[in-house]
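Engineer:
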Amino acid sequence: MTIQSLATTAALAALGAVPATAQAQATYALSAMPDGYNLQVYDDCGVEGRQPHIRCEGVHEYSPAVVAADEKARTVAWGWREVVAQYDGLDASRQYVAAVTYANEPYNNRVQSLWAGETQLNGARPLPKGGAERLLFRLPAAAIREGKLTLRFRLEAQVNAVVSVVELWAPAPSPETIHLSPP
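What follows is the structure in structure tokens.
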């Protein structure tokens, strides 16, 4: 980033007009799970039958020699343009957090964004090369309508869109059973 672009970004921020990608990351990204939050929904995206909320082109498992991560992170759902996660039965009065795990090979320049409904949670983000990462995002209340939430993992550069794990957390007790397959 140049000195001029840094100065422009600082000036825009002072006016409350932060560029969309910076605003999205600053507003929705979390550094840690808030106290009192418990797991509500879990999708192991790269394993058929263990990701009932995921709409994708297929699943794939990266070799441990290529992606330094555990098996859950190395298995991904993928889509040519996007991977979609659709949830229903959510309590719109709760403040949800999405925990998302991404993985990527060391030779692919995979870049993607994450959307909750019409809200961009993070802009074009390069995925980790040869590894995995888990990111946390506060979900805006407006993204949950009539108990339904749609998350979109959108391709922003090369290859395809991928996601390993999607978890929804809320300040409520975990359900007695968390379904890894359709009920």
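Here the sequence shown is numbered in my numbering, starting from 11 and rising by one per residue. For each residue, glycine too, the CB sits at the ideal point set by N, CA and C.
What does the alpha-carbon distance come out to for the pair Ala153 and Ile64?
Structural biologist: Stepping through the sequence shown from its first residue, residue 153 is reached at position 143. Stepping through the sequence shown from its first residue, residue 64 is reached at position 54. Cα-Cα distance, rounded: 17 angstroms.
Engineer: Short check: CB of Glu92 to CB of Arg155, under 8 angstroms?
Structural biologist: Counting from one through the sequence shown, the residue named residue 92 turns up at place 82. Counting from one through the sequence shown, the residue named residue 155 turns up at place 145. No. Outside cutoff.
Engineer: Just mark Leu40 as buried or exposed, buried being the case when its beta carbon has 16 or more other beta carbons within 10 Å.
Structural biologist: To locate residue 40, count along the sequence shown from 1; it is residue 30. Looking at its Cβ environment, which holds fewer than 16 other Cβ atoms inside 10 Å, Leu40 is exposed.
Engineer: Just to confirm, is the Cβ distance from Lys139 to Asn114 under 8 angstroms?
Structural biologist: Within the sequence shown, the letter at position 129 stands for residue 139. Within the sequence shown, the letter at position 104 stands for residue 114. Result yes, Cβ atoms of Lys139 and Asn114 sit closer than 8 angstroms.
Engineer: Determine which residues share a DSSP beta bridge with Ala108 and list them.
Structural biologist: By 1-based counting over the sequence shown, the position of residue 108 is 98. Answer is Phe147, Leu178, bridged to Ala108.
Engineer: The beta strand (DSSP E) with Ala95 in it runs from where to where?
Structural biologist: Walking along the sequence shown from the start, residue 95 turns up at place 85. Ala95 -> beta strand (DSSP E) spans 92 to 97.
Engineer: To the nearest angstrom, how far is it from the Cα of Tyr38 to the Cα of Gln130?
Structural biologist: Within the sequence shown, the letter at position 28 stands for residue 38. Within the sequence shown, the letter at position 120 stands for residue 130. Taking the straight line from one Cα to the other gives about 9 angstroms.
Engineer: Taking all protein chains shown into account, do 16 or more other C-beta atoms lie within 10 angstroms of the C-beta of Asp53, making it buried, or fewer, making it exposed?
Structural biologist: Your numbering for residue 53 matches position 43 in the sequence shown. Under this definition Asp53 is a buried residue.
Engineer: Would you identify the three-state DSSP class for Tyr72, choosing helix, strand or coil?
Structural biologist: Counting from one through the sequence shown, the residue named residue 72 turns up at place 62. Coil.
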